[in-house]
Every structure is written in structure tokens, then in C-alpha cells.
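A.B. asks: Below is one structure. I have some questions about it.
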Amino acid sequence: MPPASFRVRWCMEGQAEPGARGVKLGWYINRLRSMEPAEIIHRVVEAGRKRRSRGRHEGWQRYPAGPLPSLPGLRDAVLKADGPMRADIAQAAADVMAGRFEALGRAWPTEAVRGFPAALWRFDPVTGGEWPGPDAYTHDIDFRHDGTRGDIKYVWEINRLQQLIPLASHVALTNDPEALYAIET
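Counting in my numbering, the sequence shown tops out at residue 197, every number present.
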């Protein structure tokens with residue numbers, strides 16, 4: 013086996029397989045080299061906060077739901093949509109409710125369900141696998157170096173909630189209860 017210094021250098025040059033321990037170590041070494049002292053202090057403090065947060069199980073009860081903000085003129089603009097635009101909105105909403113969603117050049121292969129299933133928010137359309145859910149502590153999920161789950165960007169993309177825009181527009185135009193249910197679940 014090569015000496016550790018060789019393995020670190022080799023991994024830092026990007027020669028190791030994704031998920032290899034050396035890649036992770038090499039990434040951190042390169043990251044540390046590029047930081048200013050103030051950023052290093054910030055990262056140490058941040059790591060301490062993450063460690064302390066592990067024991068807190070507060071949930072969302074701490075954050076009461078207030079009235080939803082409204083963007084001035086948005087509803088009026090949707091209501092002024094002409095026939096072809098209304099048809100496009102209706103089709104886009106139907107696609108979302110049928111489980112069809114595309115982003116980043118990928119289609120999320122889900123079946124039509126009422127609302128959005130919990131697994132959808134963790135689904136990777138490339139590998140067909142799921143990222144960890146509520147049973148995993150957020151800061152324990154290795155999204156950079158794991159290499160077994162696929163690219164986290166797909167999970168992040170569906171969680172940007174862009175699929176709700178056609179649903180909300182459709183509800184504004186038609187008061188469709190199924191589209192409203194999908195938004196609220």
C-alpha cells in the first residue's frame with residue numbers, strides 16, 4: 013500500500029474513485045488551504061453549532077404559520093391570461109398532478125398520486141434511489157463524497173418547489189380542489 017502522503021496527494025489530484033476516504037480528506041485539505049483565517053474561525057464555530065444542534069428535536073412547532081404574503085399584481089396578471097396561456101397553465105398543472113416533472117434534463121418518474129408523496133422530496137431520478145429522510149441527522153448526510161446515491165442537485169431541484177407555480181396559477185383561474193390539495197400537502 014502506498015504511503016499516506018502519496019495517497020493524499022493522489023486523491024487531491026482527483027485520481028481516486030468517488031466516495032473514497034482519500035478524496036474526502038484531499039477535498040478538505042484543499043478547502044482549508046484556500047481559506048482565510050477569518051473563514052477558518054467561522055467554520056469552526058459553525059461546526060460547533062452543528063454538533064450542538066444534533067440533540068435538539070424541535071420540529072416545526074416553533075415556527076407558527078402566519079398569513080401567506082402576496083405579491084402585488086401577481087393574481088391579477090394570472091387572471092388576465094388569454095385562452096392559449098390558460099390552456100398552457102391547465103396542461104402544466106395536469107402534468108404536475110399526474111406526477112410528470114422535468115428539470116436539469118431529467119424526468120422524475122413518478123406515478124400519479126394525490127398530493128406529493130414523502131419519497132418524492134428525496135428521490136434521485138438518475139439512480140432511482142432515495143436520499144436519507146427524517147431518520148437521518150441533516151449534517152451527517154455526506155452529499156459531496158458518498159458516491160453511492162447520485163447527485164444531490166436533483167433532490168435540491170425538486171425541493172425548490174417550482175412545480176407549485178403552475179398549480180397555484182391553475183387554482184387562481186379555476187379553484188380546482190385537486191390542485192389546491194396538491195399545493196397544501
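We treat Cβ as the ideally placed atom computed from N, Cα and C, and that holds for glycine.
Can you check whether the CB of ARG98 is closer than 8 Å to the CB of LEU192?
C.D. replies: Not in contact: LEU192 and ARG98 (Cβ atoms no closer than 8 Å).
A.B. asks: Should ALA119 and PRO137 be called a contact, given that it needs their Cβ atoms to be closer than 8 Å?
C.D. replies: Yes. Within cutoff.
A.B. asks: With distances taken Cα to Cα, identify the nearest neighbour of TYR149 among TRP39, GLU70, HIS54.
C.D. replies: Looking at the Cα atoms, GLU70 is the closest of the given residues.
A.B. asks: Just to confirm the assignment: which complete alpha helix (DSSP H) runs, minimum length 4, are found wholly within the stretch 117-151?
C.D. replies: Correct list: empty.
A.B. asks: With a threshold of 8 Å on Cβ separation, who are the neighbours of GLN174 within its own chain once the five nearest residues in sequence on each side are excluded?
C.D. replies: Counting only Cβ-Cβ distances below 8 Å, and skipping sequence neighbours, we find ALA115.
A.B. asks: The alpha helix (DSSP H) spanning GLU114 covers which residue range?
C.D. replies: Segment 112-115 is the beta strand (DSSP E) holding GLU114; no alpha helix (DSSP H) there.
A.B. asks: Which value, in whole angstroms, describes the spacing of the CA atoms of PRO84 and VAL90?
C.D. replies: For PRO84 and VAL90, the distance between alpha carbons rounds to 12 Å.
A.B. asks: Determine contact between the stretch 127-144 and the stretch 153-165, defined as no fewer than three beta-carbon pairs at a distance below 8 Å.
C.D. replies: At 8 Å Cβ cutoff, the stretches touch.
A.B. asks: DSSP three-state call for TYR75: helix, strand or coil?
C.D. replies: In the structure shown, TYR75 sits in coil (DSSP, three-state: anything other than H, G, I, E or B).
A.B. asks: May I ask you to report which of helix, strand or coil DSSP gives ALA180?
C.D. replies: Three-state DSSP puts ALA180 in a helix.
A.B. asks: For the alpha helix (DSSP H) containing GLY85, list its first residue and its last residue.
C.D. replies: First-last for GLY85: undefined, no H or E at that position.
A.B. asks: Given GLU190, which residues of its chain have a CB within under 7 Å of its CB, disregarding the five upstream and five downstream residues?
C.D. replies: The answer, listed in chain order, is MET109.
A.B. asks: Would you mind sorting TYR166 into buried or exposed? The rule is 16 or more other CB atoms within 10 Å of its CB.
C.D. replies: Buried, since its Cβ has 16 or more Cβ neighbours within 10 Å.
A.B. asks: Buried or exposed for HIS182, please, with buried defined as at least 16 other CB atoms from any protein chain shown within 10 angstroms of its CB.
C.D. replies: Its Cβ being crowded by 16 or more others within 10 Å, HIS182 is buried.
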